[in-house]
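For the sequence shown, my numbering gives the first residue as 57, with consecutive numbering after it. We put the CB at the ideal spot given by N, CA and C, even for glycine. Keep in mind it's a predicted model, so treat the numbers as computed, not measured. Below: the structure, in structure tokens.
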Amino acid sequence: MNTKTDFLIIGGGISGLTLAIKLARLSPANEILLITKENLEEGSTFYAQGGIACVWNDTDSIDKHIQDTLKAGDGLCNEEIVKKILIQAPERINELIDIGVNFTRNENGEYDLGKEGGHSERRVLHVNDQTGQNIELKLIKAVKKIDNIEIKEHWCAINLYAKNFQCSGAYVLDQESVNIHNIAAKATILATGGAGKIYLYTTNPDVASGDGIAMAYRAGAIIANMEFFQFHPTCLYHPYAKSFLITEAMRGEGAVLKDIRGKEFMQNYHPSKELAPRDIVSRAIDAELKRTGDDHVLLDIASKKSPDFIKSHFPGVYDACLKFGIDITKEPIPVVPAAHYCCGGVLTKIDGSTKVKNLYVIGESAYTGLHGANRLASNSLLEGLVCAHECAHTIIKNIKNLHINEFEEWEPGNAVPSTEAVVITQNWDEIRRFMWNYVGIVRTDLRLQRAKKRINLLLDEINQYYWDFKIEKNLVELRNLATVAKLIIVSAISRKESRGIHFNLDYPNKSKMSRPTTLRRPW
Ligand code: FAD
Ligand code: SIN
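Pasting the structure below:
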């Protein structure tokens, strides 16, 4: 089915929605089509807890925020990009306030600023511990008021249409009608979020299967720094809890980590203890679990703060834990580290532009150089806002040079409906397990080589399956997941040092010279 639009936005999180609003305001005569593969609100943005980092008062300074970001990024940030993004924070956050985001205020009526690991100051604006949900819902409300934005939910992008490094749109599966649309657009923007589903344990929602990164890679874009996958130290450990994060802001308010016998351990790993950068806290927990053989550690806020304080500051975590029978005002929370944030992604400029003409990538799928080898907490929502703003301005500035190039319909060939869904679940489980065990928090050359052998085998199998059977969302995601897993493995193998969140026991030190890892098709 042929569809045409001026701007095709793939993804409805903070970056996709912000971009849609900005494009519509700058150019009301243009058509914008925004698609998401699940319900509009479903994505990492909705689940963000801690908040958005921003220099908001006089005791803080942009320079301190820059220094904290560079320190976390461990020598691989692009300093110019760091400055450009952080300096825009107040302006972009005021725009959120304008559309109704109610950041939490303290008893003096001022915005309450949270503290998180790696930040030298209190600078995290938040809506209690449900910041992302508040932002996402306010953005959706704003988008729905705008006439020239059309939204299609449950439309899953399968692949971009790109020839000679020029993108003309995307093939998209409408999951309800099972039709495949070829959507031709003047500009195509990937705002598809992260890739946490590559790992067995993750804080990410199911949509985070790295689709945008894999599609851009296939279209010829450069992919950077994929070895840097951030693990969040504190994900709820409970047999029935799926991916529930316990915000770092809780440690910012004094919560301490203990082993299951009640012994604190962070003093053995870093002078900032619980507020050390999260790679250090995650590795410390990993080391404790390996040393003791325990399944989890504990995060204790109950003995540090009053029940009233806990309930008013962390209502989301309080309610969620209570559903699993854990009263966090009375007892410590069982936690484990989990895959959280993809610091690498499609290499872009600050405005999302890539090496593929008319293809832009913003939000977690992009690598702008802000995060380097490790992301400072609460800098990613900000990056999504700023890059969406810059992207809108670049696209509208160039609009006279943009044209719709129609392209051929999807060719199903001899594909037949799949009769064996088990192949997809089996491959998916395999990838997630070996990525966790071999390409996780602590790596070795041997484990990485094992992972490489396995992913090559699985990619062959998946590619075969992809062409033989009719397209469905699970298969699209599996193929992308496998591609992104390979990008992570190959990048990790090529980095012969430990830096930021990439830690390889065979090269425990930092090398003197280091630069971002870049990959382009074919590997
Ligand atoms: P997302 O919000 O993830 O949205 C991705 C969108 O792309 C979705 O709409 C999805 O349906 C769509 N999509 C994906 N693939 C396809 C496809 N093939 N076809 C169609 N649509 C597709 N960062 C902070 O700065 N502060 C925090 O406090 C914070 N807390 C976090 C807590 C949790 C639990 C998690 C998981 C992350 C947190 N982060 C936080 C990170 C931050 O939330 C994300 O980096 C950010 O929200 C990503 O926004 P995005 O717009 O790039 O993508
Ligand atoms: C958190 O609330 O701990 C998550 C913050 C982030 O990932 O930036």
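message = Please tell me whether, using a cut-off of 8 Å, the distance from the CB of Ile418 to the nearest non-hydrogen atom of ligand 1 is below it.
response = For the purposes of this step, residue 418 is identified with residue 362 of the sequence shown, where counting begins at 1. Flag set: Cβ of Ile418 near ligand 1.
Out of His182, Ile487, Lys508, which one is the CA nearest neighbour of Gly308? One-based indexing of the sequence shown puts residue 308 at position 252. Minimum Cα distance to Gly308 is reached at His182.
* How would you label Lys329, buried or exposed, when you count the other beta carbons within 10 angstroms and need 16 or more for buried? -> Taking the sequence shown and counting its residues from 1, one reaches residue 329 at position 273. So Lys329 ends up on the buried side.
* May I ask you to report which of helix, strand or coil DSSP gives Cys110? => Counted from its first residue, the sequence shown places residue 110 at position 54. Cys110: coil per DSSP, three-state reduction.
(Q) I'd like to know whether the C-beta atoms of His369 and Lys379 end up nearer to each other than 9 Å. (A) Locating residue 369 in the sequence shown gives position 313, where the first residue counts as 1. Locating residue 379 in the sequence shown gives position 323, where the first residue counts as 1. Taking C-beta atoms as the reference points, His369 and Lys379 fail to come closer than 9 Å.
#### Entry: In DSSP terms, what Tyr522 is bridged to
Position 466 of the sequence shown, counted from the start, is the residue given in the question as residue 522. Per DSSP, none; premise fails for Tyr522.
With respect to 8 Å, is the separation between the Cβ of Ala305 and the closest non-hydrogen atom of ligand 2 below this value? Within the sequence shown, the letter at position 249 stands for residue 305. Yes, the beta carbon of Ala305 sits closer than 8 Å to at least one heavy atom of ligand 2.
Margin query: Restricting to runs no shorter than 4 residues, where is the alpha helix (DSSP H) found entirely within the region 264-313?
Written below: With a minimum length of 4 residues, the continuous alpha helix (DSSP H) runs that stay inside the region 264-313 are 267-275, 305-308.
Practice item. Excluding the 5 residues preceding and the 5 following Asn184 in the sequence, name in chain order all residues of the same chain whose CB lies nearer than 6 Å to its CB. Key: As a working mapping, residue 184 is identified with position 128 in the sequence shown. The answer, listed in chain order, is Thr160, Pro371.
Review point. At a Cβ threshold of 9 Å, is Arg148 touching chain B?
Key: No chain B is part of this structure, which consists of one protein chain only.
query = Mapping DSSP to helix, strand and coil, what is Cys133?
reply = For the purposes of this step, residue 133 is identified with residue 77 of the sequence shown, where counting begins at 1. In the displayed model, Cys133 falls within coil according to three-state DSSP, outside both helix and strand.
query: How many Å lie between Leu376 and Asn95 at the Cα?
result: Residue mapping note: residue 376 aligns to position 320 of the sequence shown, counting from 1. Residue mapping note: residue 95 aligns to position 39 of the sequence shown, counting from 1. According to the sequence shown, residue 376 is Ala rather than Leu. Taking the straight line joining both Cα atoms gives about 21 Å.
- Message: Under 8 Å: does the beta carbon of His121 sit that close to some heavy atom of ligand 1?
- Response: The count along the sequence shown starts at 1 and reaches residue 121 at position 65. Outside the cutoff, so no.
_Using the Cβ count rule (16 or more neighbours within 10 Å means buried), how would you classify Leu513?_
What you label residue 513 is simply residue 457 of the sequence shown in a count that begins at 1. Burial call: exposed.
Beta carbon of Leu90 nearer than 9 Å to that of Gly67 | In the sequence shown, residue 90 corresponds to position 34, counting from 1. In the sequence shown, residue 67 corresponds to position 11, counting from 1. Yes, the Cβ-Cβ distance between Leu90 and Gly67 is below 9 Å.
* To do: For the beta strand (DSSP E) containing Glu209, list its first residue and its last residue.
  => The sequence position of residue 209 within the sequence shown is 153, counting from 1. Taken as a continuous stretch (DSSP letters only), the beta strand (DSSP E) holding Glu209 covers 205-209.
* To do: Specify the secondary structure class of Lys242 as computed by DSSP and reduced to three states.
  => In the sequence shown, the residue the question calls residue 242 occupies position 186. Strand.
If you count every other CB in all the chains shown that lies within 10 Å of the CB of Ile191, and 16 or more means buried, which is it?
Position 135 of the sequence shown, counted from the first residue, corresponds to residue 191. Under this definition Ile191 is a buried residue.
- Item | Nearest-angstrom Cα separation, counted from Tyr416 out to Asn583 | Because the chain is modelled from 57 through 579, residue 583 falls outside the range shown and cannot be assessed.
> Taking C-alpha atoms, which residue in Val472, Ala76, Ile214, Ile557 lies nearest to Val199?
Replying inline: Here residue 199 corresponds to residue number 143 of the sequence shown, with the count starting at 1. The shortest CA-to-CA distance from Val199 to any of Val472, Ala76, Ile214, Ile557 is the one to Ala76.
Worksheet item: Which one or two residues does DSSP pair with Ser434 in a beta bridge?
Response: Translated into positions along the sequence shown, residue 434 becomes position 378. DSSP, once it has assigned bridges, lists no residue as partnering Ser434.
- Pick from Ile518, Gly496, Thr348, Ile511 that is closest to Val479, judged by C-alpha positions: In the sequence shown, counting from the first residue as 1, residue 479 sits at position 423. The candidate whose alpha carbon is nearest that of Val479 is Ile518.
In angstroms with no decimal places, state the Cα-to-Cα distance between Thr481 and Glu209. Along the sequence shown, one-based indexing puts residue 481 at 425. Along the sequence shown, one-based indexing puts residue 209 at 153. As the crow flies, the alpha-carbon of Thr481 is around 24 Å from that of Glu209.
Exercise. Rounded to whole angstroms, what's the CA-CA distance from Arg551 to Thr573? Just pull it up for me.
Key: The residue labelled residue 551 in the question sits at position 495 within the sequence shown. The residue labelled residue 573 in the question sits at position 517 within the sequence shown. A straight line joining the alpha-carbon of Arg551 with that of Thr573 spans about 8 Å.
| Just to confirm, are Thr424 and Ile406 a CB contact at a threshold of 9 Å? | By one-based count along the sequence shown, residue 424 stands at place 368. By one-based count along the sequence shown, residue 406 stands at place 350. The criterion of a C-beta distance shorter than 9 Å is satisfied by Thr424 and Ile406.
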